[in-house]
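Here is the structure we will look at, set down as structure tokens.
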């Protein structure tokens with residue numbers, strides 16, 4: 065697993081379609097549903113007539129965590145849901161990357177949100193670890 069300031073990622077040795085299905089299922093095991101799915105390749109082709117690799121942005125949400133966060137900070141919806149991306153790296157290989165809730169929610173000074181961010185991050189890291197195995 066590789067990390068940067070705003071997220072973490074892991075390679076998946078499976079084709080793109082299979083990777084998207086595996087990621088969605090793994091998110092569900094940690095209580096996340098996918099609220100939105102943005103097909104970046106199709107969007108760029110339609111809007112700009114630009115070619116791009118297969119790439120999807122999944123708007124993942126754990127309702128219990130979202131409810132706690134929104135009760136603690138009403139306008140936190142600006143930072144929700146937790147984005148997860150899946151993209152095709154090369155034929156038969158994919159990458160999944162997760163936004164780091166600690167980086168996203170760390171900009172808000174609210175101790176309740178720190179607890180929510182910690183829990184969301186732990187859940188997403190478990191998803192990443194399960195996918196890496």
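Numbering (my numbering), first residue to last: 65 to 197.
Beta carbons: idealized from backbone N, C-alpha and C, even for Gly.
Can you give me the C-alpha to C-alpha distance between residue 208 and residue 76, rounded to a whole angstrom? Not covered by the structure: residue 208. The range shown for the chain is 65 to 197.
Start-to-end residues for the beta strand (DSSP E) that takes in residue 80: Looking up residue 80 in the chain shown gives position 16. Per DSSP, residue 80 belongs to no beta strand (DSSP E); it is in the alpha helix (DSSP H), 80-93.
Can you give me the C-alpha to C-alpha distance between residue 174 and residue 136, rounded to a whole angstrom? Along the chain shown, read from residue 1 onward, the residue named residue 174 stands at position 110. Along the chain shown, read from residue 1 onward, the residue named residue 136 stands at position 72. Rounded to whole angstroms, residue 174 and residue 136 show a C-alpha spacing of 8 Å.
Check whether residue 71 and residue 196 have beta carbons under 8 Å apart: Counting from 1 along the chain shown, the entry for residue 71 is found at position 7. Counting from 1 along the chain shown, the entry for residue 196 is found at position 132. No Cβ-Cβ contact shorter than 8 Å links residue 71 with residue 196.
Bounding residues of the alpha helix (DSSP H) (the contiguous stretch that carries residue 172): Taking the chain shown and counting its residues from 1, one reaches residue 172 at position 108. First-last for residue 172: undefined, no H or E at that position.
Curious, which full-length alpha helix (DSSP H) runs of at least 4 residues does the stretch 92-117 contain? The qualifying runs are 104-112.
For residue 155, name the three-state secondary structure that DSSP assigns. The residue you call residue 155 lines up with position 91 of the chain shown. DSSP places residue 155 in coil when its eight states are reduced to three.
Quick check: the Cα distance between residue 186 and residue 111, rounded to an integer number of angstroms? Mapped onto the chain shown, residue 186 falls at position 122. Mapped onto the chain shown, residue 111 falls at position 47. Between the C-alpha atoms of residue 186 and residue 111 there is a straight-line separation of about 37 Å.
How would you call residue 127, buried or exposed, if buried means at least 16 neighbouring beta carbons within 10 angstroms? Residue numbering aside, residue 127 sits at position 63 when the chain shown is read from its first letter. Residue 127 should be labelled exposed.
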